[in-house]
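**Student:** Residue numbers for the sequence shown follow the working numbering, beginning at 387 and rising by one.
Glycine residues also receive a C-beta, built at the ideal position from the N, C-alpha and C atoms.
Below is one structure. I have some questions about it.
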Amino acid sequence: MSNEFDIIKKYFSEFPQRSDVILGVGDDAAILQPPKGHDLVITTDTLISGVHFPEQTSAESIGHKSLAVNLSDLAAMGAKPLWFTLALTLPEADSEWLSDFSQGLKNLAARYQVALVGGDTTRGPLSITIQACGSVPEGRAVRRSGASPGDDIYVTGTLGDAGFGLASVQGKIKLSDADRIFCERKLNHPEPRVSAGMGLLTLATAMIDCSDGFAADLGHILEQSKNGAEVQIKKLPLSTPVKNALEKQNDYSFPLAAGDDFELIFTASPESRNEIAALEDVLDCSITWVGKITQKPGLLLREKSGELYNLKKTGYQHFE
């Protein structure tokens with residue numbers, strides 16, 4: 387049976403190295419060198435088995451997603467990811483599970499050169515807490531509070547894939563094999579839009595990552611910006627599997643409210659449209675215009691006919 391220090395040495399010692407890590411894993415605390423002229427951006431997320439991922443989720447997928455959701459938060463601020471810490475609670479020290487989990491974590495960390503600089507391991511019900519840190523030029527971070535009436539509303543990627551993936555895993559809907567594989571992949575391996583977030587640093591007036599559902603997360607921008615919005619339902623970016631599912635049931639609650647998309651919702655001045663189009667050309671994801679910020683408070687979801695869409699639940703909330 388491995389002890390805590392054996393686990394750290396065997397599974398969590400060979401992560402990307404950075405010159406700004408003066409002292410990393412192996413001491414009481416890390417010593418880090420912040421970039422000159424930059425603000426530090428820090429986020430923390432906890433993932434619990436059965437709450438944030440189905441219990442049958444593979445260890446590799448859990449490792450990937452645990453870091454991805456934190457990188458997504460940094461992306462929403464326009465930050466460059468630098469370091470992270472890991473607090474891992476396990477019911478038992480299963481070597482195969484730990485190997486797969488650390489590999490999923492390591493693969494994503496390597497893609498963005500994010501260094502693991504410390505953490506903790508303990509026994510208990512499966513949960514993973516990661517704190518990630520990034521940087522932005524001083525005073526330049528994109529907040530939720532900067533949207534103004536007349537701003538365009540955009541979203542990266544597509545919406546609803548993870549929601550349909552979860553419903554498929556739970557046996558609530560039936561998808562074709564190809565659509566099921568696609569949607570479950572999006573659920574288990576969300577892609578943090580790090581490059582998009584950094585590229586939007588000088589273009590976005592407000593930004594948030596779509597974790598709890600498009601309507602709920604856009605609502606956070608509206609609340610903090612003290613504005614409203616009108617969104618065109620038919621402009622929402624949807625993948626082919628989601629379009630296939632919507633042909634059977636005209637229910638937009640998945641792309642609007644299911645959550646776990648981890649795309650970026652952002653606002654920008656209409657004067658930035660050409661620059662945003664140019665940015666899209668160099669990214670590995672689409673950027674889609676979906677509506678406008680309005681002076682009148684509230685979120686209006688407009689159908690193609692002009693009628694308002696009635697969304698019963700805007701997104702996921704803990705303790706609800």
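Buried or exposed for Asn493, please, with buried defined as at least 16 other CB atoms from any protein chain shown within 10 angstroms of its CB.
**Tutor:** Flag for Asn493 reads exposed.
**Student:** Spell out the partners DSSP gives Lys466 in its beta bridges.
**Tutor:** In DSSP, Lys466 forms a bridge with Ser521.
**Student:** So, at 6 Å on beta carbons, what are the nonlocal neighbours of Gly532 in its own chain, with the 5 sequence-adjacent residues on each side left out?
**Tutor:** Thr591, Ala592, listed in sequence order.
**Student:** Please name the residue, chosen from Glu570, Asn574, Tyr397, Leu687, that lies closest to Ala643 on a Cα-to-Cα basis.
**Tutor:** For the residues Glu570, Asn574, Tyr397, Leu687, the minimum Cα distance to Ala643 belongs to Leu687.
**Student:** Could you check if Lys560 is buried or exposed, using at least 16 other CB atoms within 10 Å of its CB as the buried criterion?
**Tutor:** Exposed, by the Cβ-count rule.
**Student:** Whole angstroms are fine: how far does the CA of Lys572 sit from the CA of Lys558?
**Tutor:** Those two C-alpha atoms are separated by around 17 Å.
**Student:** According to DSSP, is Lys620 helix, strand or coil?
**Tutor:** DSSP places Lys620 in helix when its eight states are reduced to three.
**Student:** Rounded to the nearest angstrom, what separates His575 and Lys678 at their Cα positions?
**Tutor:** Their backbone Cα atoms lie some 30 Å apart in a straight line.
**Student:** Using a Cβ distance threshold of 8 Å, determine whether the segment 509-528 contacts the segment 610-622, with at least three qualifying pairs required.
**Tutor:** No contact exists between the segment 509-528 and the segment 610-622.
**Student:** May I have a chain-ordered list of the beta strand (DSSP E) segments no shorter than 3 residues that lie completely inside the segment 392-466?
**Tutor:** Segments of the beta strand (DSSP E) lying fully in the segment 392-466: 407-409, 424-434.
**Student:** Provide the residue(s) that pair with Val541 in DSSP beta bridges, ordered along the chain.
**Tutor:** Answer by DSSP bridge pairing, in chain order: Ile651, Thr674.
**Student:** Rounded to the nearest angstrom, what separates Asp506 and Ser458 at their Cα positions?
**Tutor:** Their backbone Cα atoms lie some 22 Å apart in a straight line.
**Student:** Does Gly510 come out as helix, strand or coil in the three-state DSSP assignment?
**Tutor:** Looking at Gly510 - three-state DSSP - the assignment turns out to be coil, as it is neither helix nor strand.
**Student:** Is it the case that the Cβ atoms of Thr475 and Leu426 are separated by a distance below 8 Å?
**Tutor:** Not closer than 8 Å, so no.
**Student:** Can the beta-carbon of Ile539 be found closer than 8 Å to that of Ile448?
**Tutor:** Contact: no.
**Student:** Can the beta-carbon of Gly645 be found less than 8 Å from the beta-carbon of Gly583?
**Tutor:** It is not a contact, given that the beta carbons lie outside the stated cut-off.
**Student:** Let me check understanding here. Comparing Cα to Cα, which of Ser399, Lys682, Asp603, Leu472 lies closest to Asp431?
**Tutor:** Nearest of Ser399, Lys682, Asp603, Leu472 to Asp431, Cα basis: Leu472.
**Student:** Leaving out five residues on either side along the sequence, give the residues of the same chain with a beta carbon under 8 Å from the beta carbon of Gln703.
**Tutor:** The predicted position of Gln703 is uncertain, since its pLDDT is 45 and thus under 50; a value taken from the coordinates is nonetheless stated next. Closer than 8 Å at the Cβ level, and outside the excluded window around Gln703, lie Asp598, Ala602.
**Student:** Determine the direct distance from the alpha carbon of Gly525 to that of Asp565, and round the result to whole angstroms.
**Tutor:** Rounded to whole angstroms, Asp565 to Gly525 spans 43 Å at the Cα level.
**Student:** Just list the residues that DSSP pairs Leu685 with in beta bridges.
**Tutor:** DSSP output for Leu685 lists Ala615 as bridge partner(s).
**Student:** Does Gly585 have its Cβ less than 8 Å from a Cβ in chain D?
**Tutor:** Here there is only one protein chain, and chain D is not present.
**Student:** So, for Val528: in the same chain, excluding its five sequence neighbours on each side, which residues have a beta-carbon less than 6 Å away from its beta-carbon?
**Tutor:** Correct list, in chain order: Met463, Gly464, Ala590, Met593.
**Student:** So, under 8 Å CB-CB, Ile607 and Tyr695 are touching, yes? Tell me the CB distance rounded to an integer number of Å.
**Tutor:** Ile607 to Tyr695, Cβ: 19 Å. No contact.
**Student:** On the DSSP letters alone, give me the boundaries of the beta strand (DSSP E) that Ala582 sits inside.
**Tutor:** Premise fails: Ala582 lies in the alpha helix (DSSP H), 580-585, not in any beta strand (DSSP E).
**Student:** Cys596 and Asp647 - do their beta-carbons sit closer together than 8 Å?
**Tutor:** Yes. Within cutoff.
**Student:** What are the residues that DSSP puts in a beta bridge with Ala496?
**Tutor:** Answer is none; Ala496 lacks a bridge partner.
**Student:** For Phe567, I'd like the list of residues in its chain whose CB is within less than 7 Å of its CB, leaving aside the five on either flank, ordered along the chain.
**Tutor:** For clarity, residue 567 is Ile in the given sequence; the question names Phe instead. Taken in chain order, the list of residues that qualify is empty.
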